[in-house]
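Colleague: Protein chains in written order, with the working numbering: chain P, 798 to 1002; chain R, 24 to 212. Note that CB positions come from ideal geometry on N, CA and C, so glycine has one too. As the structure is a computational prediction, the values presented were derived from the model and not from experiment.
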Amino acid sequence: MRRELVKTFTNRLRVDGGRANVRAAAMVSDNNQIAHTAYDSKIEGNVIFTRVDAAINWMRKNSMWPMPMGLACCAIEMMATACSRFDLSRFGMEVMRFSPRQADVMIVSGTVTYKMALAVKRIWDQMPEPKWCIAMGACASSGGMYRSYAVLQGIDRLIPVDVYVSGCPPRPEALIEGLMRLQKKVEGEHALEEQKKEFFEEMSS
Amino acid sequence: MSAAQDIETLKQKFGEAVTGTTEFRGEHTIEVKLGSLKDVLGVARETMAYDFLLDISSLDHFGEHPRFEMVYELATVDDSKHLRVRSKVGEDEKVPSVVSFWPAAEWHEREVFDMMGISFDGHPDLRRILMWEGYPFHPLRKDFPLAGRPSEMPDVAVTGKAPLEGGPFVTSPGKGNPVTREPRSREID
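(1) Near Ile920 (chain P), what residues of its chain come up, given a Cβ to Cβ distance below 6 Å and the 5 sequence neighbours on each side ignored?
(2) Could you check what DSSP says for Tyr73 (chain R) in three-state terms: helix, strand or coil?
(3) Over the uninterrupted alpha helix (DSSP H) stretch that includes Phe136 (chain R), give me the two end residues.
(4) Looking at the C-beta of Lys1004 (chain P), does it have a partner C-beta in chain R at a distance below 7 Å?
(5) By the 10 Å Cβ neighbour count, where 16 or more other Cβ atoms means buried, how is Pro173 (chain R) classified, buried or exposed?
(6) Which residue wins for smallest C-alpha separation from Ile973 (chain P), given the options P:Pro863, P:Glu990, P:Ile956, P:Lys928?
(7) Starting from the N-terminal side, write out each stretch of the alpha helix (DSSP H) that is 4 residues or longer and does not extend beyond the stretch 923-968 of chain P.
(8) Under 9 Å between beta-carbons, which chain R residues line up against Ser963 (chain P)? List them in chain order, please.
(9) Residues of chain R with CB closer than 8 Å to the CB of Val948 (chain P), please, in chain order.
(10) Do the stretch 931-945 of chain P and the stretch 956-964 of chain P touch if we need at least three Cβ pairs shorter than 8 Å?
(11) Do you know how far the Cα of Arg68 (chain R) is from the Cα of Thr203 (chain R)?
(12) Name the DSSP beta bridge partners of Thr52 (chain R), please?
(13) Taking any Cβ of chain P, which residues in the stretch 140-160 of chain R have a Cβ under 9 Å from it, in chain order?
(14) Step through the CB atoms of chain R and report whether any lies within less than 7 Å of the CB of Ser945 (chain P).
(15) So with CB distances below 9 Å, who are the chain P contacts of Leu169 (chain R)?
(16) Counting along the chain, where does the beta strand (DSSP E) carrying Glu92 (chain R) start and finish?
(17) How would you write the range of the beta strand (DSSP E) that Asp901 (chain P) sits in, first residue to last?
(18) What residues from the stretch 896-921 of chain P come within 8 Å of chain R, judged by C-beta to C-beta, listed N to C?
(19) Using the C-alpha atoms, what's the distance from Pro865 (chain P) back to Phe895 (chain P)?
(20) So, does the CB of Thr194 (chain R) fall closer than 7 Å to a CB anywhere in chain P?
(21) At the 7 Å Cβ level, is Pro162 (chain R) part of the contact set with chain P, yes or no?
(22) Need the endpoints of the beta strand (DSSP E) that Lys117 (chain R) sits in, please.
(23) Determine which residues of the stretch 922-939 of chain P have a Cβ less than 8 Å from any Cβ of chain R, and write them out in chain order.
(24) What span of residues does the alpha helix (DSSP H) with Phe996 (chain P) cover, start to end?
(25) Using the three-state DSSP reduction, which class does Thr20 (chain R) fall into: helix, strand or coil?
(26) Taking the continuous beta strand (DSSP E) assigned at Met864 (chain P), which residues delimit it?
(27) Check whether the Cβ atoms of Phe91 (chain R) and Ile141 (chain R) sit closer than 7 Å, and answer yes or no.
(28) Taking 7 Å as the limit between beta carbons, can you name the residues of its chain near Ala879 (chain P), skipping five residues before and five after?
(29) Mind checking Ile53 (chain R): buried by the 16 CB within 10 Å criterion, or exposed?
(30) Could you give the residue range of the beta strand (DSSP E) that holds Asp144 (chain R)?
(31) Residues in its own chain within less than 7 Å of Ser860 (chain P) by CB, not counting five upstream and five downstream?
(32) Would you say Asp901 (chain P) and His987 (chain P) are within 7 Å of each other, going by their C-beta atoms?
(33) With burial defined as no fewer than 16 other Cβ atoms inside 10 Å of the residue's Cβ, what is the status of Val819 (chain P): buried or exposed?
(34) I'd like to confirm the pairing. Which residues does DSSP put opposite Ile79 (chain R) in its beta bridges?
(35) Using three-state DSSP, classify Ser59 (chain R) as helix, strand or coil.
(36) Kindly list the residues whose CB is nearer than 6 Å to the CB of Gly940 (chain P), restricted to its own chain and excluding five residues on each side of it in sequence; keep chain order.
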């Protein structure tokens, strides 16, 4: 199904460039020289052929807006990551959104107590798809040194985690590494298929 | 008036209700019966000018009777004297609230209620303060394991036991070398 959609997309491009192709072909026969038969600078200079998935993923991975879920000392490192010395904006991630409705990736940084876990889950639920989650530091990944009645033993018990960043707390470089790993992961996703899953199912039934 | 003089005054005033006094490195402690706890604290507040409530804490003497003990740390704002008032509390007894003397007592008493399960008489808003509403246990009691107990409240939160393997999270106070005092993990339930 995904392949078909891509085909329609490219077909439409071809129709648009149709007349230009005819003219370019004529040029070859008149002057008897090799020319770029399929090239028209007016139109095709602005057209790039790609897969829809690749295009969507490229856009997504370069404009990830984090939801900073700062809960403990890891949040300080996260702030440092966003500041000028490490500068998350190099990756298009400088837009820390404190509203979950505008965020793509939730960075859970810090100790998640059971009491706070409810709020974290709620904010996660409020984030629109597609969304990703990074568990930053030992506490968010596994409860860390807090083996106690009050602390959730890893945020992955509540929400799906894409990238775990080790450290207590991790240095900003480590968080950036985690975010770059996430970008790599996003690159390989079947974006359209995932996004239109329900639509495709509806169409095929 | 110093704290030592205050203790003498309280002893004379309350007689039998004072069960003991301690002085240790300049710290003065007075132990009183629960029945006259509020009166003692009232006198300390009103006539002895202890206008600063530093802390309220509680102890769990698990296995003893009465089981709990309340500790009040009183001081003056100018830091000229410091008085500690202790009082034993049974498991089914209620402690009189001192919010009317020190407004700061409100949250301290809520914390004692939350963590130790001691109830207070006359508290304006006795709710849990650290754990969430509806949590069934009192975690700082001695018979509550560090790892926690599973609790099932789907609307609120579901808690499980925390794994204790791989770290010296539980230590036993007392003599002995660190190997016996801090085993890598210890089952206490």
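Modeller: The structure says:
(1) Closer than 6 Å at the Cβ level, and outside the excluded window around Ile920 (chain P), lie Pro897.
(2) It is coil, neither helix nor strand.
(3) That run of the alpha helix (DSSP H) goes 128-139.
(4) Limits of chain P in this structure are 798 at one end and 1002 at the other, which puts residue 1004 (chain P) out of reach.
(5) Counting Cβ neighbours within 10 Å, Pro173 (chain R) comes out exposed, since fewer than 16 surround it.
(6) Ranking P:Pro863, P:Glu990, P:Ile956, P:Lys928 by Cα distance to Ile973 (chain P) puts P:Pro863 first.
(7) 934-939, all fully within the stretch 923-968 of chain P.
(8) Simply none; closest approach about 15 Å.
(9) Ala185, listed in chain order.
(10) Yes, the stretch 931-945 of chain P is in contact with the stretch 956-964 of chain P.
(11) So the two alpha carbons sit approximately 46 Å from each other.
(12) As computed with DSSP, Thr52 (chain R) is found in a beta bridge with R:Thr45, R:Arg107.
(13) Listed by position, the residues of the stretch 140-160 of chain R near chain P (Cβ gap below 9 Å) are Leu153, Met154, Trp155, Tyr158, Phe160.
(14) Ser945 (chain P) counts as touching chain R.
(15) Within chain P, the residues near Leu169 (chain R) are Arg944, Ser945, Tyr946.
(16) Its beta strand (DSSP E) spans residues 91-98.
(17) Asp901 (chain P) -> no beta strand (DSSP E), and no H or E assigned at all.
(18) Look at the stretch 896-921 of chain P: the residues with a C-beta under 8 Å from a C-beta of chain R are Tyr911, Lys912, Ala914, Leu915.
(19) Those two C-alpha atoms are separated by around 7 Å.
(20) Under the Cβ distance rule, Thr194 (chain R) does not count among the residues neighbouring chain P, no pair being separated by less than 7 Å.
(21) Closer than 7 Å: yes.
(22) Run containing Lys117 (chain R): 117-119, per the beta strand (DSSP E) assignment.
(23) Correct list: empty, as no residue qualifies.
(24) Counting along the chain, the alpha helix (DSSP H) containing Phe996 (chain P) begins and ends at 994-1001.
(25) Summary: the structure shown does not reach residue 20 (chain R), with chain R confined to residues 24 through 212, and so no result is reported for it.
(26) Residues 863-867.
(27) Going by C-beta atoms, Phe91 (chain R) is nearer than 7 Å to Ile141 (chain R).
(28) Cβ neighbours of Ala879 (chain P) beyond the five flanking positions: Leu885, Glu891, Met893.
(29) By the 10 Å Cβ count, Ile53 (chain R) comes out buried.
(30) Residues 142-144.
(31) The beta carbon of Ser860 (chain P) sits closer than 7 Å to those of Gly889, all from its chain and outside the five residues before and after it, given in chain order.
(32) Taking a C-beta distance under 7 Å as the contact criterion, Asp901 (chain P) and His987 (chain P) do not qualify as a contact pair.
(33) Only weak support exists for where Val819 (chain P) lies, its pLDDT of 42 falling under 50; the value from the coordinates is given anyway. The residue is exposed, with fewer than 16 neighbouring Cβ atoms inside 10 Å.
(34) As computed with DSSP, Ile79 (chain R) is found in a beta bridge with R:Tyr95.
(35) DSSP places Ser59 (chain R) in helix when its eight states are reduced to three.
(36) Correct list, in chain order: Val948, Gln950, Gly951.
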